[in-house]
Amino acid sequence: MTPEYNKVHNRFKFNGLHFSHEELKEVAYSLIKEGEPYEKVTGNFLIDWLNNKDFLYVTTSGSTGVPKEIKLMKQAMVNSAIATGNFFGLEPGDKALHCLPSHFIAGKMMFVRALVLGLEIDFVEPSAQPIFDYEKSYDFCAMVPLQLKHTLNYIYNIKTIIVGGSKVTKPLLERIAHCEPKFFETYGMTETVTHVAVRRLQSKSAEKEQYFNALQNVKFEQDDRNCLIIHAPKLVEEALITNDIVELNSETSFKLLGRYDNVINSGGVKLFPEQIEDKLQPVIKQRFIIAGEDDVTLGEKLILIVENPTESKDAILKVIKELKTVEKFEIPKTIYTVDKFSETVNGKIQRKKTIKAILGA
1 MTPEYNKVHN RFKFNGLHFS HEELKEVAYS LIKEGEPYEK VTGNFLIDWL NNKDFLYVTT
61 SGSTGVPKEI KLMKQAMVNS AIATGNFFGL EPGDKALHCL PSHFIAGKMM FVRALVLGLE
121 IDFVEPSAQP IFDYEKSYDF CAMVPLQLKH TLNYIYNIKT IIVGGSKVTK PLLERIAHCE
181 PKFFETYGMT ETVTHVAVRR LQSKSAEKEQ YFNALQNVKF EQDDRNCLII HAPKLVEEAL
241 ITNDIVELNS ETSFKLLGRY DNVINSGGVK LFPEQIEDKL QPVIKQRFII AGEDDVTLGE
301 KLILIVENPT ESKDAILKVI KELKTVEKFE IPKTIYTVDK FSETVNGKIQ RKKTIKAILG
361 A
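Counting from 1, one number per residue, gives the positions in the sequence shown under full-length UniProt numbering.
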């Protein structure tokens with residue numbers, strides 16, 4: 001029998017205490033009235049979740065466009081929580097660490113998973129370097145890459161960590177390969193109620209996977225652009241057409257190649273910025289973006305934008321040319337620098353806005 005959104009699991013605990021549906025409402029009001037800013041946001045979400053409506057509104061991050069409010073059915077959020085629980089083998093009474101902001105879907109869903117699956121959830125301030133009980137054992141945690149980067153020395157007691165919200169860089173991948181927990185990169189969006197697919201990353205206790213694998217009741221296909229189409233009837237009624245170009249391995253697994261709207265056509269060669277960025281990460285320590293700029297000869301030429309670099313443009317270009325993994329046509333024709341990238345409120349790079357600011361200057 002599928003749990004309903006208006007029920008609180010009898011094994012659910014919030015910071016060590018169990019609360020009934022009505023008691024949790026009182027906790028929410030207390031957080032709104034007396035809590036820190038991040039706790040007020042959580043209180044407002046809990047009030048929305050515990051009311052009599054069967055839906056709520058969630059704001060998208062805005063990383064690929066203007067942030068917008070979308071309507072999500074609460075039962076779809078319950079279904080997402082169940083799919084995650086089944087995939088990772090979460091059981092009532094398992095302990096979860098929650099260190100994400102409750103503004104967006106990822107943070108909201110950590111609470112929903114706890115309420116639906118009966119998890120004992122410890123909620124801490126969602127900072128770049130979360131502070132939690134490092135000696136306590138946790139079964140499950142979700143982090144953004146920046147948080148994981150800053151807490152690698154303290155996660156030895158966490159069994160499973162899912163990572164999403166932005167790209168997991170190669171230097172970070174190399175570091176977590178020496179850590180004990182099992183790490184999973186997630187794929188999803190607000191419209192799909194967080195992740196619909198996950199990919200296991202290399203660690204001491206697990207081998208890496210090349211393909212993202214679907215959660216239960218999710219299937220994939222491609223459109224004529226080779227972009228991913230998501231079929232997840234328990235999460236969203238209609239098929240969701242994305243702008244993510246993929247290599248489809250099966251109807252339940254794919255490899256992510258890049259964004260359709262980021263593809264650069266340079267002299268007839270299609271270049272995927274995300275793939276080139278992967279190759280450059282070992283030699284460029286600052287944040288950077290690969291993009292295309294109009295060119296009379298090539299149609300588009302490859303450019304590199306670096307945020308607040310510590311080296312000269314010539315020095316950056318020199319180390320790129322020395323990389324054996326980089327093809328000739330993947331070497332930037334022009335390098336631009338900028339003091340600060342445009343960001344969303346939760347720290348994601350606004351790629352299009354940053355590129356427009358550079359090329360329009």
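Glycine is no exception: its CB is placed at the ideal position from the N, C-alpha and C atoms.
Computed from a prediction, not measured in an experiment: that's the story for all the values here.
Let me confirm a value: H195 is counted as buried when at least 16 other C-beta atoms fall within 10 Å, else exposed. Which label applies?
Along the sequence shown, one-based indexing puts residue 195 at 195. By the neighbour-count rule (16 or more Cβ atoms within 10 Å), H195 is buried.
Assuming Q286 is part of the beta strand (DSSP E), what are its boundary residues?
Reading the sequence shown from its first residue, position 286 is the one you call residue 286. From DSSP, Q286 is part of no beta strand (DSSP E); its letter is neither H nor E.
In chain order, each alpha helix (DSSP H) run of at least 4 residues that lies wholly inside the region 231-285
273-280
Determine the closest residue to N265 out of I289, T297, K279 and E311, with distance taken between C-alpha atoms.
In the sequence shown, counting from the first residue as 1, residue 265 sits at position 265. Nearest of I289, T297, K279 and E311 to N265, Cα basis: T297.
For the beta strand (DSSP E) containing G299, list its first residue and its last residue.
Numbered from 1 along the sequence shown, position 299 holds the residue referred to as residue 299. First-last of the beta strand (DSSP E) with G299: G299 to E307.
Rounded C-alpha distance that separates L24 from T59
Residue numbering aside, residue 24 sits at position 24 when the sequence shown is read from its first letter. Residue numbering aside, residue 59 sits at position 59 when the sequence shown is read from its first letter. Taking the straight line joining both Cα atoms gives about 23 Å.
Nearest-angstrom Cα separation, counted from L257 out to M77
Your numbering for residue 77 matches position 77 in the sequence shown. Your numbering for residue 257 matches position 257 in the sequence shown. Near 28 Å, if we compare the C-alpha coordinates of L257 and M77.
Every unbroken alpha helix (DSSP H) within the UniProt domain "AMP-dependent synthetase/ligase" (49-200), with a cutoff of 4 residues, ordered by chain:
74-88, 105-117, 145-151 and 170-176
Following the continuous beta strand (DSSP E) through K219, name the residue where it begins and the one where it ends.
The residue you call residue 219 lines up with position 219 of the sequence shown. First-last of the beta strand (DSSP E) with K219: K219 to Q222.
Report the option in N249, F212, T192 and A214 whose CA atom is closest to the CA atom of E238.
To locate residue 238, count along the sequence shown from 1; it is residue 238. Ranking the options by Cα distance to E238, first place goes to T192.
Is the beta carbon of I155 less than 8 Å from the beta carbon of P171?
Taking the sequence shown and counting its residues from 1, one reaches residue 155 at position 155. Taking the sequence shown and counting its residues from 1, one reaches residue 171 at position 171. Not a contact, by the Cβ cut-off of 8 Å.
Which two residues bound the contiguous beta strand (DSSP E) that contains Y336?
If you number the sequence shown from 1, residue 336 lands on position 336. Segment T334 to V338, the beta strand (DSSP E) holding Y336.
Could you pull out every residue in the same chain whose Cβ sits closer than 8 Å to the Cβ of T310, ignoring the five residues on either side in sequence?
Stepping through the sequence shown from its first residue, residue 310 is reached at position 310. Taken in chain order, the residues that qualify are K285 and Q286.
Alpha carbon to alpha carbon, how far is I121 from A357? Give it in angstroms, no decimals.
As a working note, residue 357 is residue 357 in the sequence shown. As a working note, residue 121 is residue 121 in the sequence shown. Taking the straight line joining both Cα atoms gives about 42 Å.
What residue does the alpha helix (DSSP H) around A357 start on, and which one ends it?
By 1-based counting over the sequence shown, the position of residue 357 is 357. Where A357 is concerned, the enclosing alpha helix (DSSP H) stretches over R351 to L359.
Below 8 Å on the Cβ atoms is my contact criterion, and I expect F254 with F212 to pass it. Report the Cβ-Cβ distance as a whole number of Å.
Along the sequence shown, read from residue 1 onward, the residue named residue 254 stands at position 254. Along the sequence shown, read from residue 1 onward, the residue named residue 212 stands at position 212. Yes, they are in contact, since the Cβ atoms of F254 and F212 sit about 6 Å apart, within 8 Å.
Given 8 Å, three or more beta-carbon pairs between the region 230-245 and the region 314-326
no
With respect to the beta strand (DSSP E) encompassing A206, which residues constitute its N-terminal and C-terminal limits?
The residue given as residue 206 occupies position 206 in the sequence shown. Element bounds for A206: n/a, residue is neither H nor E.
What separation, rounded to the nearest whole angstrom, lies between the Cα atoms of E34 and F329?
In the sequence shown, counting from the first residue as 1, residue 34 sits at position 34. In the sequence shown, counting from the first residue as 1, residue 329 sits at position 329. About 57 Å.
So does the region 157-170 actually touch the region 140-147, counting three or more Cβ pairs closer than 8 Å?
yes
Rounded straight-line distance, which links the Cα of K353 to that of P67
Taking the sequence shown and counting its residues from 1, one reaches residue 67 at position 67. Taking the sequence shown and counting its residues from 1, one reaches residue 353 at position 353. Whole-angstrom Cα-Cα distance: 13 Å.
Taking 8 Å as the threshold, find out whether the region 146-153 comes into contact with the region 29-47 through three or more Cβ pairs.
no
8 Å contact criterion, which L304 and I349 should meet: CB distance rounded:
Within the sequence shown, the letter at position 304 stands for residue 304. Within the sequence shown, the letter at position 349 stands for residue 349. 14 Å between Cβ atoms; not a contact.
Can you give me the Cβ contacts of E343 inside the same chain, cut-off strictly under 8 Å, excluding the 5 residues immediately before and after it?
Mapped onto the sequence shown, residue 343 falls at position 343. Closer than 8 Å at the Cβ level, and outside the excluded window around E343, lie I349 and Q350.
So if DSSP puts L17 in a beta bridge, which residue, or which two residues, is it bridged to?
On the sequence shown, residue 17 is found 17 positions in, with the first residue counted as 1. F14.
Would you kindly work out how many angstroms separate the C-alpha atoms of D294 and K301, rounded to a whole number?
Translated into the one-based positions of the sequence shown, residue 294 becomes position 294. Translated into the one-based positions of the sequence shown, residue 301 becomes position 301. Each residue's alpha carbon lies about 6 Å from the other.
For the alpha helix (DSSP H) that contains K318, what are its first and last residues?
Position 318 of the sequence shown, counting from 1, holds the residue named residue 318. Residues K313 to K321.
Look at L97 and I176 and say whether their C-beta atoms are less than 8 Å apart.
Sequence index remark: in the sequence shown, residue 97 carries index 97 (1-based). Sequence index remark: in the sequence shown, residue 176 carries index 176 (1-based). Cβ distance not < 8 Å, so L97 and I176 don't count as in contact.
Under 8 Å between the Cβ atoms of T42 and F123?
Sequence index remark: in the sequence shown, residue 42 carries index 42 (1-based). Sequence index remark: in the sequence shown, residue 123 carries index 123 (1-based). Contact: yes.
Exposed or buried, which one is V345 when buried takes at least 16 other CB atoms within 10 Å?
For this step, residue 345 is matched to residue 345 along the sequence shown. Looking at its Cβ environment, which holds fewer than 16 other Cβ atoms inside 10 Å, V345 is exposed.
Buried versus exposed, by CB contacts within 10 Å (16 or more), residue 363
The displayed coordinates of the chain run from 1 to 361. Any statement about residue 363 would go beyond what the structure contains.
G268 versus G299: straight-line alpha-carbon distance, rounded
Within the sequence shown, the letter at position 268 stands for residue 268. Within the sequence shown, the letter at position 299 stands for residue 299. Taking the straight line joining both Cα atoms gives about 8 Å.
Short of 7 Å in beta carbon distance, which residues of its chain neighbour P81, apart from the five on each side in sequence? Order them along the chain.
For the purposes of this step, residue 81 is taken as residue 81 along the sequence shown, with counting starting at 1. First, the amino acid is wrong: residue 81 is Ala here, not Pro. The answer, listed in chain order, is M109, V112, R113, V116 and L117.
Just to confirm my understanding: we take Q281, look at its own chain, exclude 5 residues before and 5 after, and list those with CB closer than 6 Å. What are they?
For the purposes of this step, residue 281 is taken as the residue at position 281 of the sequence shown. So the qualifying residues of the chain are T169 and K170.
Rounded straight-line distance, which links the Cα of I105 to that of M73:
Taking the sequence shown and counting its residues from 1, one reaches residue 73 at position 73. Taking the sequence shown and counting its residues from 1, one reaches residue 105 at position 105. Approximately 13 Å between the Cα atoms of the pair.
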